[in-house]
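Undergrad: Residue numbers (my numbering), protein chains in the order written: chain C, 40 to 389; chain G, 58 to 127.
In this text, a Cβ means the ideal position worked out from N, Cα and C, and glycines have one as well.
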Amino acid sequence: MKQLKAHWWKFLGVAILVIVFLKGMLVPLSAGIISVSRNSAKPLENLQLVVKGYNTHFKDSKGPQAWLKLDSLYSIQCSSFIVADQTTATVAFWIPAGLPYEGTRAPLTLIIDNEVDGTSVLPFAVSFVVNDIASTGQGWNVEALEGLHERTHTTYPFRNILNETIRNTYFHVPLWFGMMVLFIASVISAIKYIRSKDPHDDLKSLAFCRAGILFGILGLVTGAIWAKHTWGAYWSWDVKQNMSAIALLIYGAYFVLRNSMSDNDSQARIAAVYNIFAFVTLIPLLFVIPRLTDSLHPGNGGNPALGGEDLDHSMRMVFYPAIIGWTLLGVWIAQLSYRVDRLKHKLLNH
Amino acid sequence: MKHVFIRIFILLMLVLPFQLAAQDGADYSRSIGKIYVVVAVILVIFLGIVIYLISLDRKISKLEKRIDNE
Chain C
40 MKQLKAHWWK FLGVAILVIV FLKGMLVPLS AGIISVSRNS AKPLENLQLV
90 VKGYNTHFKD SKGPQAWLKL DSLYSIQCSS FIVADQTTAT VAFWIPAGLP
140 YEGTRAPLTL IIDNEVDGTS VLPFAVSFVV NDIASTGQGW NVEALEGLHE
190 RTHTTYPFRN ILNETIRNTY FHVPLWFGMM VLFIASVISA IKYIRSKDPH
240 DDLKSLAFCR AGILFGILGL VTGAIWAKHT WGAYWSWDVK QNMSAIALLI
290 YGAYFVLRNS MSDNDSQARI AAVYNIFAFV TLIPLLFVIP RLTDSLHPGN
340 GGNPALGGED LDHSMRMVFY PAIIGWTLLG VWIAQLSYRV DRLKHKLLNH
Chain G
58 MKHVFIRIFI LLMLVLPFQL AAQDGADYSR SIGKIYVVVA VILVIFLGIV
108 IYLISLDRKI SKLEKRIDNE
C-alpha cells in the first residue's frame, strides 16, 4: 500500500497506456469506400461502377443504396446495386444528358448507405464530362437524401489515404505533447537553477531534457515511417518535418554544450541559459512557422488538428487519456534518469 | 501487491493475442488498410524506450561498481 501511495502516478500512467493500446488497436474503423472502377462518366450512359469497400458488410445489409452527388441539391440515385461479397458491389447509374448548371466538367461524390455500416462517402469519385455546355435539370434528383443510417457501434472514422494509420493519433501525436510537457518542465527547472544555484535543479533540468529529446526523436522516426506510407517518402522536406528536426538539433546541442565543459558550476549555469534559449526557439519552430505555410501534415495548412472531422468523439475518448498516459511515462523516465544523476553527483562530491 | 501486478500482467499477455486473432477474422481486409504502419510505429516506440532503458542500466552498473570499490 505504501508503494502505491508513492508511485500511484506511475501505475496510473501504465494503466492508461494499456487501455489506450487495447482501445486504440481493437476498435474497428467505420465502413468506407476505397476505390471505384471508373473515374469519369459521359452523358446518357449506363455507368457501371465496381465499388471496393473497406470494413463494409454489403452481404449482411438488406437495402443498400447509392447516390452520385453533385452538390447539396442535385444527385443521381443508383438504378441497381448488385452485391458480390461483403466488400465488393457493382452499382449502376443512369447518367443525365447534361449538368444542371452551365459547365463542361463536374466532380461527383459517391455515397453508399446501408443499415449495418451507416453512410460511406468517396469524395470526387467520378468526374462528369459534358460536351454540350447548355444546362439541363433532367435526370437529376433534386430531393435531399433521405433515410440515411447512422452506424450503431463505436468505430473510428474512415479517412481515405489515412485508413488504419488514423490510430497513430494515439501513439505518434501524444509523444509530441509529452515532449512539450517535458521541455516545459526542463526550462522551469533551469530557471529555478539560475535563481537558487541548487545543483539538483540543474540535474532535474537535464533529466527532463533527456526524456524530452527521447520522445522527440521517437516522434520524428514514427512520423517518418508513417510519411513513407502516406506521402511516399520518409523525408519529404515538409515544413513540419524540417522545423521539428531543427528544434531537436537545437536541443541536441544542449548535451554537446554540457559535455564540452568540465567545470561543474559554469557547466550548469551555461546549460541553464542555453536551455531557456532552446525553449524560446522551440515555440515558433513547432507552433508558428508550420501554420504560416502549407504542410502535408494532417491538421495543417492553417488549422490545428484538434478541430474538424479527423478527431471525432470516439477518438477524443482515447486521445486525451493517451496524452496523459504518455506524459506520465515520460516523467517517469525523467525521474529515473534524475535519480541516477543525483546519486552520481553525491558520490563525486563526497 | 507485487504478485497481483505480475499476475495481471501475465493475464494480459495471454489474453491479448487471442483478442487480436478474434478481431482479425472480422475485417480481413485490414492488410490493405496500412495496419502494419501502426504496428511498426508502436514497435519503434517500444524499441526506443528499451534502448533508453539499456543506457540507463549501464549508467547504474557503473555507479554500482564505483560504490563497491569504495
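Would you verify that the beta carbon of residue 83 of chain G is, or is not, closer than 8 Å to some beta carbon of chain C?
TA: Position 26 of the second sequence holds residue 83 of chain G. No answer about residue 83 of chain G holds up, because its pLDDT of 41 lies below 50 and its placement is not dependable.
Undergrad: Where does the unbroken alpha helix (DSSP H) through residue 320 of chain C begin, and where does it stop?
TA: Looking up residue 320 of chain C in the first sequence gives position 281. That run of the alpha helix (DSSP H) goes 303-322.
Undergrad: Identify which residue in C:72, C:199, C:226 and C:308 has its Cα closest to the Cα of residue 96 of chain C.
TA: Here residue 96 of chain C refers to the residue found at position 57 of the first sequence. Of C:72, C:199, C:226 and C:308, the residue nearest in Cα terms is C:72.
Undergrad: On a Cα-Cα basis, can you pick out the residue from C:350, C:120 and C:284 that is closest to residue 325 of chain C?
TA: The residue given as residue 325 of chain C occupies position 286 in the first sequence. Checked all of C:350, C:120 and C:284; the closest Cα to residue 325 of chain C is C:284.
Undergrad: Give the single residue among C:298, C:352, C:248 and C:323 whose Cα lies nearest to the Cα of residue 371 of chain C.
TA: In the first sequence, residue 371 of chain C corresponds to position 332, counting from 1. For residue 371 of chain C, the nearest C-alpha among the options comes from C:248.
Undergrad: Roughly how many whole angstroms lie between the Cα atoms of residue 154 of chain C and residue 354 of chain C?
TA: Residue mapping note: residue 154 of chain C aligns to position 115 of the first sequence, counting from 1. Residue mapping note: residue 354 of chain C aligns to position 315 of the first sequence, counting from 1. Using only the alpha carbons, I get a separation of about 23 Å.
Undergrad: Any beta carbon from chain C within less than 8 Å of residue 115 of chain G's own beta carbon?
TA: Your numbering for residue 115 of chain G matches position 58 in the second sequence. For residue 115 of chain G, the answer is no, since every Cβ of chain C falls outside 8 Å of its Cβ.
Undergrad: Compare the Cα-Cα distances from residue 294 of chain C to each of C:244, C:328 and C:143 and report the closest residue.
TA: Along the first sequence, read from residue 1 onward, the residue named residue 294 of chain C stands at position 255. Among C:244, C:328 and C:143, the Cα nearest to that of residue 294 of chain C is on C:244.
Undergrad: Under 7 Å between beta-carbons, which chain C residues line up against residue 98 of chain G? List them in chain order, please.
TA: In the second sequence, residue 98 of chain G corresponds to position 41, counting from 1. What residue 98 of chain G touches in chain C: 207, 210, 211, 261, 264 and 265.
Undergrad: At 7 Å on the CB atoms, spell out the chain G contacts of residue 253 of chain C, in chain order.
TA: For the purposes of this step, residue 253 of chain C is identified with residue 214 of the first sequence, where counting begins at 1. Within chain G, the residues near residue 253 of chain C are 105 and 109.
Undergrad: Apart from the five residues just before and just after residue 194 of chain C, which ones in its own chain have a Cβ nearer than 7 Å to its Cβ?
TA: For this step, residue 194 of chain C is matched to residue 155 along the first sequence. Cβ within range, chain order: 66, 67, 68, 69 and 353.
Undergrad: Please report the straight-line C-alpha distance between residue 315 of chain C and residue 229 of chain C, rounded to a whole angstrom.
TA: On the first sequence, residue 315 of chain C is found 276 positions in, with the first residue counted as 1. On the first sequence, residue 229 of chain C is found 190 positions in, with the first residue counted as 1. Answer to the nearest angstrom: the Cα atoms are 7 Å apart.
Undergrad: Closer than 9 Å by beta-carbon distance: list the chain G residues that pair up with residue 386 of chain C, in chain order.
TA: Sequence index remark: in the first sequence, residue 386 of chain C carries index 347 (1-based). Residues of chain G passing the Cβ test: 120, 123, 124 and 127.
Undergrad: Does the distance from the C-beta atom of residue 367 of chain C to that of residue 51 of chain C stay below 8 Å?
TA: Walking along the first sequence from the start, residue 367 of chain C turns up at place 328. Walking along the first sequence from the start, residue 51 of chain C turns up at place 12. Yes, they are a contact pair.
Undergrad: With a threshold of 8 Å between beta-carbons, can residue 256 of chain C be considered close to chain G, or not?
TA: The residue you call residue 256 of chain C lines up with position 217 of the first sequence. At least one chain G Cβ lies under 8 Å of residue 256 of chain C.
Undergrad: Let's see if you can read the secondary structure: which residues bound the alpha helix (DSSP H) around residue 61 of chain C?
TA: Along the first sequence, read from residue 1 onward, the residue named residue 61 of chain C stands at position 22. Here the alpha helix (DSSP H) through residue 61 of chain C covers 41-65.
Undergrad: Examine chain G for any beta-carbon lying closer than 8 Å to the beta-carbon of residue 68 of chain C, and answer yes or no.
TA: Position 29 of the first sequence holds residue 68 of chain C. Output row for residue 68 of chain C: interface = yes.
Undergrad: Given residue 146 of chain C, which residues of its chain have a CB within under 6 Å of its CB, disregarding the five upstream and five downstream residues?
TA: For the purposes of this step, residue 146 of chain C is taken as the residue at position 107 of the first sequence. So the list reads 163 and 166, once near-sequence residues are dropped.
Undergrad: On a Cα-Cα basis, can you pick out the residue from C:117, C:40, C:197 and C:369 that is closest to residue 255 of chain C?
TA: One-based indexing of the first sequence puts residue 255 of chain C at position 216. Closest by alpha carbon: C:369.
Undergrad: Which word fits residue 323 of chain C, buried or exposed, when buried means at least 16 other C-beta atoms lie within 10 angstroms of its C-beta?
TA: Along the first sequence, one-based indexing puts residue 323 of chain C at 284. Exposed, since its Cβ has fewer than 16 Cβ neighbours within 10 Å.
Undergrad: Find the residues of chain G that neighbour residue 204 of chain C, judging by a C-beta separation of less than 7 Å, and give them in chain order.
TA: For the purposes of this step, residue 204 of chain C is identified with residue 165 of the first sequence, where counting begins at 1. Simply 91, 94 and 95.
Undergrad: Three-state secondary structure (DSSP) at residue 216 of chain C?
TA: Taking the first residue of the first sequence as position 1, residue 216 of chain C is located at position 177. Correct three-state label for residue 216 of chain C: helix.
Undergrad: By DSSP, does residue 107 of chain G sit in helix, in strand, or in coil?
TA: On the second sequence, residue 107 of chain G is found 50 positions in, with the first residue counted as 1. If DSSP states are grouped into helix, strand and coil, residue 107 of chain G belongs with the helices.
Undergrad: Looking at the unbroken alpha helix (DSSP H) that takes in residue 353 of chain C, where does it start and where does it end?
TA: Here residue 353 of chain C is taken as the residue at index 314 of the first sequence, counted from 1. Per DSSP, residue 353 of chain C belongs to the alpha helix (DSSP H) from 352-387.
Undergrad: Can you tell me whether residue 279 of chain C is buried or exposed? The criterion is at least 16 other CB atoms within 10 Å of its CB, across all chains shown.
TA: In the first sequence, the residue the question calls residue 279 of chain C occupies position 240. Its Cβ being crowded by 16 or more others within 10 Å, residue 279 of chain C is buried.
Undergrad: Using a Cβ-Cβ cutoff of 7 Å, what residues of the region 368-380 of chain C are near chain G? List them in chain order.
TA: So the list reads 372, 375, 376 and 379, given in the order they occur along the chain.
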